[in-house]
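Visitor:
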DNA sequence: AAACGTATGTGTATAAAATACACTTAGCAA
DNA sequence: TTGCTAAGTGTATTTTATACACATACGTTT
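Residue numbers (the working numbering), protein chains in the order written: chain A, 98 to 340; chain B, 98 to 340.
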């Protein structure tokens, strides 16, 4: 279980609560042992170093399991951050020297993002001093994690325009309004309800169930599921080369 | 100039010769010092290890400069290959033990691809035992470089559908037929000439010059240039979330 | 000098996809 | 029973994609 001291793996864990796109973050605190003064109080994604003999993808799965308890989750490598100054901010150096003196100054981090149904993660939150934050209202972040999250969001926005990955953020059964909110929030755009539904109706992989929402104080919505199998069988290629 | 022994940078260098999309590769040869027998004869991309104190992007620029002599070239990080078995094939181990005994078994490589006007590269080819190969007819490759090139091509195909990067593969001045061939070859599709030209006509960043092809045995084509400035000022966003 | 070969350049009709837009309905709560 | 809320639905218009054939300019050959 020896760690590779100059390679880490970070995982931007995205969740969706029908209103916001959120990121799961862990608090980082450091108190001066003499004065008791709080010297660092911020959040990080708390990745891990890769282990000797471990594939990068496995390291990412390990990080995700560790923070959410979840396995077999959508996980995508999107970028590797390798600038020499990424850990050199004063407070980060203080943190590393205090807590991880064996870690080098130049650590490259292979970054993944994952999409989880956040209702499945809740139990772990309190246990680990870990909290969801809307990507639009991030707290103060350590290292270069703000940049990593920003870049992750850009890759997610691109990917969700082309691939049916939004469903990973929703419960297995969902309504079209939930799905539409998801796209609106992630892409930061407004969509027309009727046109959206027309578009979804063409997607054979979004399958209506004989089931309705329950316990809502309005007309109950129909419930849908996503089928990756159907998607793989019916997907089309698109050409664009942007005008 | 100390190297980082477990991190390398590979660069898939793409070029275009109006017929094929090519990759620049360097021969790798190993002869048995006793028998004189040729033990290894194949090609690799010949990346380099990152250097201590060097940003990853700078390492990639260095690799590109080293192989092509070119600077300020389109360069895009697309994936980091980190499987533990990527250098473990028998002949690769033989190569490493003979030539680079200080290199570890588990090296992760951050892969970039670059797009170059291959007419600018020629002078360097003979000097460095380096050759262009069509991506559709690759020679035997060392390490996991065949996989890396295949993945690079997938990323390139995606990117070129959305961003005006094809121009990087053409000379500054080009004809619409050249441009069309480029798209057809990279995307492996057939395009209708009239519809293609209609589409390009909408792109304000493809600018006709008062200049025609010379010395061709047919009606000379009009010459165009690409303007990134104009592109940045006029680009539109697209939405899709694939049907 | 005429004829030939070759790749360039061009327009229209049709189909498909994207967009804009307003009223009725089902359930729960008051 | 009334009111509140979000669900559900169709049509007309604009934009974009697709399919398709002949004349032109240049160099080469005869």
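We treat Cβ as the ideally placed atom computed from N, Cα and C, and that holds for glycine.
Smallest Cα separation from residue 296/A: which of 280/A, 306/A, 310/A, 308/A?
Guide: The candidate whose alpha carbon is nearest that of residue 296/A is 280/A.
Visitor: What do you reckon, are the CB atoms on residue 258/A and residue 338/B nearer than 9 Å?
Guide: Result yes, Cβ atoms of residue 258/A and residue 338/B sit closer than 9 Å.
Visitor: List, in chain order, every chain B residue whose beta-carbon is nearer than 8 Å to that of residue 173/A.
Guide: In chain order: nothing, as chain B lies at least about 11 Å away.
Visitor: List, in chain order, every chain B residue whose beta-carbon is nearer than 7 Å to that of residue 165/A.
Guide: Neighbours of residue 165/A on chain B: none; closest Cβ ~22 Å, over 7 Å.
Visitor: Closer than 9 Å, Cβ to Cβ, to anything on chain A: give me those residues from the region 248-274 of chain B, in chain order.
Guide: From the region 248-274 of chain B, only 255, 257, 258, 259, 260, 261, 263 have a Cβ closer than 9 Å to chain A.
Visitor: Check whether the Cβ of residue 326/B lies closer than 9 Å to any Cβ atom in chain A.
Guide: Output row for residue 326/B: interface = no.
Visitor: Using a Cβ cut-off of 7 Å, pull out every chain B residue sitting near residue 153/A, in sequence order please.
Guide: Within chain B, the residues near residue 153/A are 177, 179, 205.
Visitor: Just the C-alpha distance for residue 320/B and residue 311/B, rounded to the nearest angstrom, thanks.
Guide: Using only the alpha carbons, I get a separation of about 10 Å.
Visitor: Only counting runs of 4 or more residues, tell me where the alpha helix (DSSP H) segments fall wholly within the region 239-263 of chain B, in order along the chain.
Guide: DSSP runs (the alpha helix (DSSP H)) wholly in the region 239-263 of chain B: 242-259.
Visitor: Whole angstroms are fine: how far does the CA of residue 322/B sit from the CA of residue 137/B?
Guide: Spanning the two alpha carbons is a distance of roughly 44 Å.
Visitor: Just the Cα atoms here: how many angstroms apart are residue 141/A and residue 108/A?
Guide: Answer to the nearest angstrom: the Cα atoms are 10 Å apart.
Visitor: DSSP has residue 125/B in a bridge; who is on the other side?
Guide: Residue 125/B pairs with 139/B.
Visitor: Taking one C-beta from the region 198-211 of chain B and one from the region 181-197 of chain A each time, how about it: are there three or more such pairs within less than 8 Å?
Guide: No: fewer than three Cβ pairs fall under 8 Å.
Visitor: Nearest-angstrom Cα distance between residue 177/A and residue 267/B?
Guide: The straight-line gap from Cα to Cα measures roughly 29 Å.
Visitor: Measure the Cβ-Cβ separation of residue 122/B and residue 238/B and say whether it is below 9 Å.
Guide: The answer is yes: Cβ separation under 9 Å.
Visitor: Exposed or buried, which one is residue 315/A when buried takes at least 16 other CB atoms within 10 Å?
Guide: With fewer than 16 other Cβ atoms within 10 Å, it is exposed.
Visitor: Pull up the distance between the alpha-carbon of residue 159/B and that of residue 330/A, whole angstroms please.
Guide: Their backbone Cα atoms lie some 44 Å apart in a straight line.
Visitor: Mark residue 290/B as exposed unless 16 or more other C-beta atoms lie within 10 angstroms of its C-beta, in which case mark it buried.
Guide: By the neighbour-count rule (16 or more Cβ atoms within 10 Å), residue 290/B is not buried but exposed.
Visitor: Could you give the first and the last residue of the continuous alpha helix (DSSP H) run that contains residue 79/A?
Guide: Look at the range of chain A in this structure, 98 to 340, and you will see that residue 79/A is not part of it.
Visitor: With a threshold of 9 Å between beta carbons, is residue 210/A in contact with chain B?
Guide: Cβ-Cβ to chain B under 9 Å: no for residue 210/A.
Visitor: Just to confirm before moving on: does the CB-CB distance between residue 218/A and residue 120/A stay below 9 Å?
Guide: Against a cut-off of 9 Å, the Cβ pair of residue 120/A and residue 218/A comes out as no contact.
Visitor: Check each candidate in 131/A, 117/A, 171/A and name the one with the smallest Cα separation from residue 260/A.
Guide: Closest by alpha carbon: 171/A.
Visitor: Tell me the DSSP bridge mates of residue 110/B?
Guide: 211/B.
Visitor: For the beta strand (DSSP E) holding residue 307/B, just list the boundary residues, first then last.
Guide: Residues 303-309.
Visitor: On the three-pair Cβ rule with 8 Å, is the region 141-158 of chain B touching the region 238-253 of chain B?
Guide: The region 141-158 of chain B, when compared against the region 238-253 of chain B, does touch it at the 8 Å Cβ threshold.
Visitor: Could you say which of 98/A, 242/A, 147/A lies nearest to residue 205/B if we only look at CA atoms?
Guide: Comparing Cα-Cα distances from residue 205/B to each of 98/A, 242/A, 147/A, the minimum goes to 147/A.
Visitor: According to DSSP, is residue 324/B helix, strand or coil?
Guide: It is coil, neither helix nor strand.
Visitor: Determine the chain A residues that contact residue 240/B at a beta-carbon separation under 9 Å, and present them in chain order.
Guide: Those do not exist, as residue 240/B stays about 16 Å from chain A at its closest Cβ, beyond 9 Å.
Visitor: Using a Cβ cut-off of 9 Å (strictly closer), state whether residue 150/A contacts chain B.
Guide: Judged by the 9 Å Cβ criterion, residue 150/A is in contact with chain B.
Visitor: Do we get a CB-CB distance below 9 Å when we pair residue 329/A with the residues of chain B?
Guide: No, no contact with chain B.
Visitor: Going by Cα to Cα distance, which pick from 333/B, 302/B, 100/B is closest to residue 197/B?
Guide: Closest by alpha carbon: 100/B.
Visitor: Run through the DSSP bridge pairs and tell me what residue 178/A is partnered with.
Guide: According to DSSP, residue 178/A bridges with 206/A.
Visitor: Please report whether the beta-carbon of residue 338/A lies at a distance below 9 Å from any beta-carbon of chain B.
Guide: So, interface residue.
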